[in-house]
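Using my numbering, you'd call the opening residue of the sequence shown number 1 and step up by one each time.
All residues carry an ideal CB built from backbone N, CA and C; glycine is no exception.
In this text, all values refer to a predicted model and were calculated from it rather than measured experimentally.
Contents: one structure, followed by commentary.
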Amino acid sequence: MFDPISLIAGGALVGAGWVAGRFGRRTRAAAPQPSVARCGCGHDLAMHDRETRECHSEFKRKTNGVATWVRCPCRQYSGPQPLAEFFAPPLLPPQEP
Ligand SMILES: [Zn+2]
Ligand SMILES: [Zn+2]
């Protein structure tokens, strides 16, 4: 004969284990990268000038066996804007050609 109470306890244990495993997996999988606003050039927003939007990062490039630092060719930040800037877009002066 099965004792209904131990059956329930056993089921609850199995269920708790399943939930814990699932929850554990979920938290590991979700290990969230803090949402870094990244530009198309691969550098984050902090590397870009707030006014000119140019990237200040540098690439290390080897030319004829000599390592040289080349400035990132990015001239315009193209990644997602941080929320603060969404709500308060910088007022750019009108640019006449
Ligand atoms: Zn960039
Ligand atoms: Zn860049």
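Open item on the list: Within 10 Å of its beta-carbon, does V48 have 16 or more other beta-carbons around it, so buried, or fewer, so exposed?
Closed with: Against the sequence shown, residue 48 aligns to sequence position 48. In the sequence under discussion, the amino acid at residue 48 is His, which differs from the Val named in the question. So H48 counts as buried.
Open item on the list: Once DSSP output is grouped into helix, strand and coil, what is the label at R22?
Closed with: The residue you call residue 22 lines up with position 22 of the sequence shown. Three-state result, R22: helix.
- [ ] Return the bridge partner residues of H48 from the DSSP annotation.
- [x] Taking the first residue of the sequence shown as position 1, residue 48 is located at position 48. Note: H48 sits in a beta bridge opposite C55.
- [ ] Give every residue of the same chain whose Cβ lies closer than 7 angstroms to the Cβ of R38, excluding the five residues on either side of it in the sequence, and list them in chain order.
- [x] Walking along the sequence shown from the start, residue 38 turns up at place 38. Within the same chain, Cβ atoms closer than 7 angstroms to the Cβ of R38 are found at D44 and G79, the five residues on either side in sequence being excluded.
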